[in-house]
Structures are given as C-alpha cells and as structure tokens.
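If you count by my numbering, then the sequence shown holds residues 1 to 518, one letter each, in order.
We put the beta carbon where it would ideally sit given N, CA and C, even for glycine.
What follows is a short report on a single structure.
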Amino acid sequence: MADSTPLLSHCDKPAEPKRPPRSLDETIEGCIGDFGWWQFLQAILVSLAWVFDAQQTFISVFTDAEPSWHCTQGGDESVCNALSNICELPKNSWSWDWPSHTSIIAEWGLECAPSFITGLPASAFFMGCLAGGLALATLADSTLGRKNMLLFSCLMMSFSSIFTVFSPNIWIYSVLRFINGFGRATVGTCALVLSTELVRKRWRGQVGVVGFFCFTLGFLSLPVMAYVNRGSSWRTLYLWISVPTILYCILVHFLVHESPRWLFVRGRKEEAVLTLKSMAQANQSPITMSFSNVLIEQESWNVDIYSTIKILLNKRWAAKRLAAVMVGGFGIGMVYYGMPLGLGNLSVNLYLGVTLNALSELPASLITFFLIGKMKRKDSLLGFTILSGVCSVLCVVVGKVSPSLQIAMELISFFSACSAFNMSLIYTLELFPTCVRNSAISMVRQALVFGGVFSPLLVAAGRTNNFISFGVFGLVIGICGLPLVGLPETRGGTICDTMDEEEHKQNEKAAAAIATLA
C-alpha cells in the first residue's frame, strides 16, 4: 500500500526540520527543477519519433497509388481516350505517364486487379497496427519501460521498411507492411508518455503537443519527398524514411533518460535516484529539498505483462473512462485516416491535396500548443468532434455546388479531426495514473487505428457516392463523441502514479462535493 522510503538522502542539505510525507509527484518535480535546455532537448529528441510514425502511416498514399496514364501516339481515339476504362483497352494503346517502377500498381501490373488486392498492403499495415498494439501495449508499463519500448518499436519499423525495398510481389510486400504496422503501433504512445514524464506538470501539455508538431512535419515531408522522387522507384521512398530512423535510435539510446516515474513505480528506486540526479545536474538545478520523507504508493497487486489491461477493466471508474475515450477515438480515427485517402475522390491534385491536409495539421498543433493551459479537455474534445462531423457531411452537400467549397469543408473537417486527435491523447494521458498510463493510451490509439481500418473500405465504396465516405465519416465522429460527456475534467489536475492514489483523489473530491451540498 504506502510506505515512507528514504530517497536521495545523500543529496540532502544539512538538517532540515521534519516535514509531512510528500507524494512522488512533488518529489520528482522538486528534484528536476524548472524546464531547462536539457529537458527541452530530451523532449524534442523523444518527440522526433512522431516524424517517422507519420511517414510510415501515410507513405502508401504515394507508393500504392495508381499512376496517371495516356493513350500512345497514333492510337485510335475511338479505341482509346481519357474516359476509357484502362482494363478494356489493348495493351499497346496506352502507357503510364511515368516509369512503371514509380508505383507498385504499375510495376506489378495490378491496374486491373480487384480492389481487395490493391488495397491489401494498406489494410495489412493497419491490421499490423492493431495486432502490435494488443501485443506490445503493456510492455512499456511492465517489463521494457518507456525508452526501451520506443527503441524496439522504431528499430522494428525501420528494418521492416528496409526489407520492403526488396519485395518481389504484392504478397511479400503486404506481409512486410503488416510487420511494419506491428512495430509502429507503440511508437507514438511511448514518445508521448516518455516526453511528458520527463518534465514538470506545468509543461506536460506543451511537451505533449511537440509530438503532434513532429507528426505534422513527418506528414508534410512525404509529398515533398514523393515529388522529388516522382520519377524514381517507389522503393527509394522507403529507404528515405527508414535509414534516418536507425540514426535516430542511436541518439535516443545515448542521450535520453528512462522515465523516473516508471522506475519508481516498478520498484527500481536506485536507478530512479540516479536518473533524477542526472536530470537535476543537467538542468543546473540545485537540489534544495529533502528526499528523506517521501511517500511512495505501491500497488496492492502484482503487475505482469498483461495485468495492466485487467486492472483497467476490473476498476469500474477506469473501465468507464477507457470505454468512453476509445469510442471517441474510433470516430476520430475514421475521419483522421480516411480524409487523406478520400482525396482521390475529389477534384484536386494528389500532391496538392496531401500537402494541404498536412498543412492543416499545423494550425491544429499550434492551437493545442498555445491554448492547452486554458482549454478544458472534455469540452474542447466534444467541440472538435462535432465540428468535424458537421463539415464532413457538408463536404457531400456543397460538392454538388462548388468543388472549391468542397475542399474547404474537407480541410476544416480534417483540421478538427487533427485537433480532436491531439486532445484525445493528452486527455487520456491525464485520465489515468502512471502504472497504467502507457497501456491506456495504447488502447486509445488502437481505437483510432481501428477506425482507420474501415476508412479505405468506405473511400472505395464512395467513389460513386461521396455520402458513403464523407457522409458516414461525419455521422460516426459526431455520434462517437457523445460518451465523452460523462468523463471528468482534468485540466490543471495532479498526475497520480497508482490506481490507489487515483481512487483516493476521487474519494476526496466526492467527500468535498457532499460537504458543499450539505
């Protein structure tokens, strides 16, 4: 349950009067000091993992796209024209605009293959994300820790991308995309949790948003790299995003600390002490407080690899919170991953459309970054989901009137989904204590990805009727946001480290509310 454990006693200043026990949160914040340059560097370095996460998520928009084509010179226009079905034309009457190696569709002759075959790699990637999230979700909370899990995921993602370069056919390619998604599943989660646990409560919201900036940077870099390599092999694009990831892992291994919160909760107090001392020295923050009377909450159950999910489901308040944010995440994920895929159904250039969508993530991150301290988590999340849903439905309605207005509605809807995506992760981070936080965020990210699994199917069905894609997107995100109404507000609250501590905080709030009514 709870015990008073002497920590960092050799760092104490001489003879201070005895004080009441302090929480782990107060102890860590008092040791690491204010937000220094070393913490800033660590937060940026950890958050850079989101760059590679975004690149792996959206790379198939270009590598798996069907290239443009033209009728060959001297072809009979009665046989071949721009409106012809390519599968009904003689092979010698048309040709790709670019070399066949620029896309898997052209290289492997899949232009007339069933949509299930051409969409298999993208589906395999998202299924890998689901499988990886379920298999790896709790390892960062239990055995591996935040830092080692981040390194493992990034390396698995990188090496699977390198092997993808040598794919001889779509079947091997799909298997490697599944493995890539499996490794990618926990990258964003570990980066978010680790970066926010290395700083004080005052800065955790802003540091969390840095990761979203990095994701935007990764998303925005894709159309640039694709345009520069538009005449080169699609395999080159995979090399461009995989090799830098290995270099990044080397930097993280040598420069980033493990989360001292996780080390304390796992009982590795000596390592936690060394980490705190290192962080304090790097920030040039003198240790002016005593650590000889610190209250460390210990869980009342043993924690194994999968017990954190059991803990979340066995506690009614935790299960309620998890269910609400996962339902909301499903709707957000369907729009977030579906909108870029649906650009091919609109009258807009693919490179321009992807660039505009990537750029719309930037104001979403900026708004979250600068207003995170003032924005109520629950109300903001509800507002973004409703706005995204309304604009997505309007995208169908105004498309019949003005293509320019249609793309404007699409961008507003995607912007709102991006903002909701960012806020949902920060909100989840604050809803759950340290011992299960990584697992909770992983489950929410799985719900986001699960929504993305259905997006390609809706986009394919919506090629003839946009309501099946954009209309359904709007209805789903609006309805899925409603369960969030019953959750508590977390802005400015204290981060708890154990389930017992969180329940104690809830009981205190309930007692205070009863006293107020009385």
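Compute the Euclidean distance between the alpha carbons of Glu508 and Val485, then round it to the nearest angstrom.
22 Å
Leaving aside the five residues before and after Ala515 along the sequence, list all residues of the same chain whose C-beta is less than 7 Å from its C-beta, in chain order.
none
Whole angstroms are fine: how far does the CA of Thr275 sit from the CA of Val453?
40 Å
Closest by CA to Val534, which one among Glu502, Gln206, Pro223 and Arg491?
One cannot answer for residue 534 here, as it falls past the ends of the chain, which runs 1 to 518.
Check whether the region 233 to 245 touches the region 157 to 168, taking contact to mean three or more Cβ pairs, one atom from each stretch, closer than 8 Å.
yes
Below 7 Å, is the gap between the Cβ of Leu381 and the nearest heavy atom of the ligand FMN?
Ligands displayed in this structure: none; no statement on the ligand FMN is therefore possible.
Could you pull out every residue in the same chain whose Cβ sits closer than 8 Å to the Cβ of Ile426, ignoring the five residues on either side in sequence?
Gly205, Gly208, Val209, Thr368, Ile372 and Arg377
Please classify Ser68 as buried or exposed, where buried requires at least 16 neighbouring CB atoms within 10 angstroms.
exposed
Output yes or no for whether 8 Å exceeds the beta carbon distance between Pro121 and Asp64.
yes
For Trp317, name the three-state secondary structure that DSSP assigns.
helix
What residues match up with Ser380 in a beta bridge as DSSP calls it?
Paired residue(s): none; Ser380 is not in a bridge.
Beta-carbon within less than 7 Å of Leu194's beta-carbon, same chain only, minus the 5 sequence neighbours each way: which residues are those?
Val46, Arg146, Lys147, Leu150 and Ser259
Count the other CB atoms within 10 Å of the CB of Leu7; is the residue buried (16 or more) or exposed (fewer)?
Bear in mind that the predicted position of Leu7 carries a pLDDT of just 43, short of 50, making it too unreliable to give a figure here.
If you run the structure through DSSP and keep just helix, strand and coil, what is Cys391?
helix
Go through its chain and collect everything with a Cβ distance to Ala131's Cβ below 6 Å, but skip five positions before and after it.
Phe182
Contact the region 380 to 395 vs the region 406 to 415: 3+ CB pairs below 8 Å:
yes
CA nearest to the CA of Asp141, picked from Ala323, Arg266 and Leu247:
Arg266
List the endpoints of the continuous alpha helix (DSSP H) containing Ser455.
Thr434 to Ala461
Below 8 Å between beta carbons: does that hold for Ser424 and Gly492?
no
What residues in its chain sit with their C-beta under 6 Å from that of Asp304, if we drop five residues either side in the sequence?
At Asp304, the pLDDT of 48 sits below 50, so the modelled position is not reliable and the matter cannot be decided from this model.
DSSP puts Ser95 in a beta bridge; with which residues?
His70
Leu197 - containing alpha helix (DSSP H), residue span:
A quick correction: the sequence has Glu, not Leu, at residue 197. It spans Val187 to Glu197 - the alpha helix (DSSP H) in which Glu197 sits, taken as one unbroken run.
What three-state label does DSSP hand Ser469 in the structure shown?
coil
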